[in-house]
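Here the structure comes first, spelled out in structure tokens, and everything after it is commentary.
Spelled out as structure tokens, the structure:
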């Protein structure tokens with residue numbers, strides 16, 4: 003196993019490496035780092051319908067990004083095959099709070115009792131996976147970017163719209179964590 | 002970001018060689034490895050962040066922004082070009098009313114905490130074997146599609 007795959011990276015390695023994707027994509031092809039536009043490109047490629055927002059040349063503007071995100075899945079797969087174990091060592095306080103919500107399985111990247119196919123039609127599975135995914139898709143399209151496009155690329159370029167979006171990200175995240183999760187778990 | 006499709010004139014001069022496509026694939030693979038090894042793709046880490054019970058996610062995000070900001074400043078100051086010799090240009094986002102950023106951002110934030118993943122991590126999680134995230138990606142496509150349909154009637 004390569005050494006860089008054997009253990010999770012400390013924050014001071016992980017953060018700077020994430021930041022380097024911004025200059026890397028600019029230098030390779032003048033591309034702005036941002037993952038969520040792939041959702042738009044996929045809609046445009048698969049089912050544009052008569053919706054003007056999806057009627058553009060997705061191959062010209064988005065093929066590079068679809069290749070990038072396909073690589074992202076491959077990268078995850080490579081670590082799962084050749085990396086060390088991924089037991090997430092969360093803080094004791096978080097573990098207690100989540101145990102209080104009824105979560106028992108802390109062995110995966112996400113709680114298996116929620117993120118498995120057979121839980122998909124339970125209230126917690128449906129709200130987490132189906133509704134959560136839907137809000138991610140609607141919200142990123144409306145805001146014109148997600149964590150990568152606004153929080154990393156946009157803030158790095160000191161863009162005020164991105165700062166407003168990131169404040170929104172945290173407002174929504176705090177609402178969901180403290181008011182919605184206790185209702186569904 | 003939704004501004005991408007407007008930059009058609011850049012695309013005509015952009016290198017389309019297979020080496021460039023391989024570079025995007027390579028960078029994407031590196032990104033998937035990074036999301037996994039940094040653990041930012043974990044629902045547990047997202048919960049820890051939104052409960053303010055660990056600094057880890059904040060340290061990662063802050064240092065990522067710092068490195069990206071220094072890089073962008075250097076690229077602008079030095080007038081660096083792409084590997085194919087094109088000047089590097091970053092188009093600013095249009096502010097408009099700002100409603101789209103506040104409302105869209107909040108809606109995305111709700112989904113981020115519920116799904117425990119933003120778009121990049123969703124794809125990396127599928128690669129890591131959390132296959133039910135395929136459904137989350139499908140739902141995200143439905144959400145994006147609905148936005149496209151409603152776009153003419155939404156305040157931006």
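Chains as they are written, first to last, in this note's numbering: chain A, 3 to 187; chain B, 2 to 157. Yeah, the Cβ is synthetic: ideal placement off N, Cα and C, and Gly gets one too.
Requested in this report: Using a Cβ-Cβ cut-off of 8 Å, state whether residue 94/B counts as contacting chain D.
Outcome: Considering every chain present, this structure includes no chain D. Its protein chains are A and B.
Report task. State yes or no: is the beta carbon of residue 96/A nearer than 8 Å to at least one beta carbon in chain B? Result -> yes
Query raised in the report: Taking Cβ positions only, does residue 19/B come closer than 8 Å to chain A?
Result: no
Query - Between the CA atoms of residue 59/A and residue 19/A - distance to the nearest angstrom - result: 31 Å
Query raised in the report: For residue 145/A, which residues in chain B fall below 7 Å Cβ to Cβ?
Result: 101, 102, 105, 106, 109
Report task. Would you kindly report the start and end of the unbroken alpha helix (DSSP H) that includes residue 105/A? Result -> Unbroken run through residue 105/A: none, as it is neither H nor E.
Requested in this report: With distances taken Cα to Cα, identify the nearest neighbour of residue 65/B among 5/A, 51/A, 17/A, 139/A.
Outcome: 17/A
Requested in this report: For the region 30-41 of chain B, enumerate the residues whose C-beta is nearer than 9 Å to any C-beta of chain A, in chain order.
Outcome: 30, 31, 32, 33, 34, 35, 36, 37, 38, 39, 40, 41
Query raised in the report: Between the Cα of residue 127/A and the Cα atoms of 137/B, 120/B, 128/B, which residue gives the shortest distance?
Result: 137/B
Query raised in the report: Considering only residues of the same chain and omitting the five flanking positions on each side of residue 129/B, which have a CB-CB separation below 8 Å?
Result: 37, 42
Requested in this report: Compute the distance between the beta-carbons of residue 187/A and residue 133/B, then report whether it is under 8 Å.
Outcome: no
Query raised in the report: So with Cβ pairs under 8 Å, would you call residue 10/A a contact of chain B?
Result: yes
Report task. Apply the 10 Å Cβ neighbour rule to residue 5/A and answer buried if 16 or more other Cβ atoms are within range, or exposed otherwise. Result -> exposed
**Report entry** Between the CA atoms of residue 39/A and residue 18/B - distance to the nearest angstrom
**Finding:** 23 Å
Requested in this report: State the start and end residues of the unbroken alpha helix (DSSP H) segment that holds residue 42/A.
Outcome: 39-48
Query raised in the report: If you draw a straight line from the C-alpha of residue 167/A to the C-alpha of residue 8/A, how long is it?
Result: 35 Å
**Report entry** C-alpha distance - residue 111/B paired with residue 98/A, whole-angstrom precision
**Finding:** 22 Å
**Report entry** Members of the region 130-141 of chain B near chain A, C-beta cut-off 8 Å
**Finding:** 130, 131, 132, 133, 134, 136, 137, 138, 139, 140, 141
Query raised in the report: Where does residue 12/B sit, in a helix, a strand or coil, going by DSSP?
Result: Any reading at residue 12/B needs caution, since the residue's pLDDT is 49, under 50, leaving its predicted position unreliable; the model's value is listed next. Of the three classes helix, strand and coil, the one that applies to residue 12/B here is helix, per DSSP.
Report task. Please classify residue 88/B: does DSSP put it in a helix, a strand, or coil? Result -> strand
Query raised in the report: Would a check of beta-carbon distances place residue 169/B closer than 8 Å to chain A?
Result: Any property of residue 169/B remains undetermined from this structure, which presents chain B solely from 2 to 157.
Query raised in the report: Once you ignore the five residues that flank residue 33/B on each side, which residues in its own chain have a CB closer than 8 Å to its CB?
Result: 124, 125, 128
Query - residue 121/A versus residue 131/B - alpha carbon distance - result: 13 Å
Query raised in the report: Roughly how far, in whole angstroms, is the beta-carbon of residue 90/A from the beta-carbon of residue 53/B, given that I think they are within contact range, below 8 Å?
Result: Not confirmed; about 17 Å, so no contact.
Query - Nonlocal neighbours in the same chain, by C-beta distance under 7 Å from residue 150/A, ignoring five residues either side - result: 35, 36, 37
Query raised in the report: Do residue 141/B and residue 122/B have their CB atoms nearer than 8 Å?
Result: no
Requested in this report: Classify residue 149/B as buried or exposed, calling it buried when 16 or more other Cβ atoms lie within 10 Å of its own Cβ.
Outcome: buried
Report task. Return the Cβ separation of residue 80/A and residue 61/B in integer angstroms, given the expectation that the two are a contact with Cβ distance under 8 Å. Result -> Actually they are not in contact, since the Cβ atoms of residue 80/A and residue 61/B sit about 21 Å apart, beyond 8 Å.
Query raised in the report: Can we say the region 83-97 of chain B touches the region 45-54 of chain A, given the rule of at least three CB pairs closer than 8 Å?
Result: no
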